[in-house]
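**Student:**
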Amino acid sequence: MLLEEFLQQPGFIYEINGKYYFLGKWICKECTELDATDSVSMYQMCRNQQEEKETNMYFQKIRAYSDFALEVPYNPEKIKSDMQAILETLSDENTAALSEQLAGFKKDLAKYCE
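Just so you know, we're using the numbering used here here: the sequence shown kicks off at -5 and counts up by one.
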């Protein structure tokens, strides 16, 4: 179920067990760019503090990083299999944390992009 949810969303960066990944309908790969991963930390901090202006700024920044990280040509089968491989290795705790991040992303997508 989580796999199908990610495959319906635009790309975003998620923290999974201390690593960062671009996940979405057009992307699945590890994110190692320091500025991008720092933006995720700042986004989460601002979101937890309910600082709307700053949360929006970091949300948009992370979305931009995700779009710039897209690879051509688009390979939906590889994206799906790579994402499934990541999700299958997660503990219940990591799956719950990732689900929570995805739920927050969906709320913010509706709030900041529509």
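Backbone N, C-alpha and C fix where the C-beta goes; we use that ideal spot for every residue, glycine too.
#1: Is the beta carbon of residue 75 less than 8 Å from the beta carbon of residue 7?
#2: Do residue 64 and residue 20 have their C-beta atoms closer together than 8 Å?
#3: State the Cα-Cα distance for the pair residue 55 and residue 33, rounded to the nearest angstrom.
#4: Could you give the C-beta distance for residue 10 and residue 73, rounded to a whole number, given that I count them as a contact under 8 Å?
#5: From residue 29 to residue 50, what does the alpha carbon distance come to, in whole angstroms?
#6: May I have the straight-line CA-CA distance separating residue 100 from residue 16, to the nearest angstrom?
**Tutor:** In short:
#1: Position 81 of the sequence shown, counted from the start, is the residue given in the question as residue 75. Position 13 of the sequence shown, counted from the start, is the residue given in the question as residue 7. The answer is no: Cβ separation not under 8 Å.
#2: Mapped onto the sequence shown, residue 64 falls at position 70. Mapped onto the sequence shown, residue 20 falls at position 26. In this structure, residue 20 lies closer than 8 Å to residue 64 by Cβ.
#3: For the purposes of this step, residue 55 is taken as residue 61 along the sequence shown, with counting starting at 1. For the purposes of this step, residue 33 is taken as residue 39 along the sequence shown, with counting starting at 1. C-alpha of residue 55 to C-alpha of residue 33: approximately 7 Å in a straight line.
#4: Counting from one through the sequence shown, the residue named residue 10 turns up at place 16. Counting from one through the sequence shown, the residue named residue 73 turns up at place 79. The Cβ separation is near 16 Å, so there is no contact.
#5: Taking the sequence shown and counting its residues from 1, one reaches residue 29 at position 35. Taking the sequence shown and counting its residues from 1, one reaches residue 50 at position 56. When rounded, the distance between both Cα atoms is 17 Å.
#6: As a position in the sequence shown, residue 100 is number 106, starting the count at 1. As a position in the sequence shown, residue 16 is number 22, starting the count at 1. Whole-angstrom Cα-Cα distance: 15 Å.
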